[in-house]
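Numbering (this note's numbering), first residue to last: 114 to 262.
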């Protein structure tokens with residue numbers, strides 16, 4: 114797995130993967146296809162790329178997914194995982210785990226990781242628990258997780 118900052122040439126494929134990955138949540142509890150805000154928006158992904166938040170995941174030279182992260186400017190030990198997405202054709206191959214492990218290697222000084230996911234999403238809730246994230250609270254249909262090193 115290679116995880117690098119996204120480049121403009123990656124955007125079209127990343128948006129396709131994001132859309133398909135989040136739309137596939139209908140298989141794990143979503144009432145309809147959809148995803149987080151602007152999950153299918155090219156301009157928003159370009160903005161995330163330009164701000165340094167978007168990374169592209171490659172496996173054997175092929176884009177298999179991406180991750181959007183937010184490093185706290187005031188606390189270099191804190192990071193928020195905005196979203197992670199893997200091409201549905203590549204599900205169950207360990208790429209999600211590899212992406213999360215790689216982002217932790219890229220930011221070795223981060224000791225606290227936060228993220229959230231919908232309560233209804235059995236796939237993501239079990240995934241984050243498997244990676245060692247601990248549930249901190251539930252609010253308005255969302256589960257908030259934290260992981261400390």
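Glycine residues also receive a C-beta, built at the ideal position from the N, C-alpha and C atoms.
Note that the structure is a prediction, hence the values are computed from the model and not measured.
query	result
Cβ-Cβ separation, residue 189 to residue 222 (assumed contact under 8 angstroms), whole Å	6 angstroms
Segment limits, alpha helix (DSSP H) that includes residue 133	124 to 136
Residue from 155, 236, 193 with nearest C-alpha to residue 184	193
Cβ contact check for the stretch 141 to 150 and the stretch 160 to 174: 3 or more pairs under 8 angstroms	no
Cα-Cα separation between residue 214 and residue 206, rounded to whole angstroms	14 angstroms
Bridge-paired residues (DSSP) for residue 250	257
Alpha-carbon spacing of residue 191 relative to residue 219, whole angstroms	13 angstroms
CA nearest to the CA of residue 217, picked from 242, 161, 262	262
For residue 227 and residue 248, the rounded distance between their alpha carbons	10 angstroms
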